[in-house]
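Residue numbers (the numbering used here): 53 to 140.
The beta carbon of each residue, even a glycine, is placed where N, CA and C say it ideally should be.
Below: the structure, in structure tokens.
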């Protein structure tokens, strides 16, 4: 059974949910909310179906969290062209 080890990081399921709701980037919110849903008993295939993500992707997020913490799931832009226009 897939398990979110939030106790390892001195967190609770509710703290994960709050972190998901306050994350600045939609991808971070999606990843953290998926962890919360898994911690509430949903399976990776069910969360994947609801988010239109492959279950292996969801399981990867859980394993990343379990080994490296929630900071590993925060979205960071990693490539592509810089924006042509930057708003101030």
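- For the options 110, 104, 71, 81, the alpha carbon positioned closest to that of residue 95 is the one of 110.
- Judged by beta-carbon spacing, residue 83 lies within the 9 Å limit of residue 72, meaning their Cβ atoms are closer than that value.
- Across the set 136, 90, 77, 128, the C-alpha of 90 shows the shortest separation from the C-alpha of residue 118.
- Distance check between residue 126 and each of 133, 74, 108, 132 places 74 closest, using alpha-carbon atoms only.
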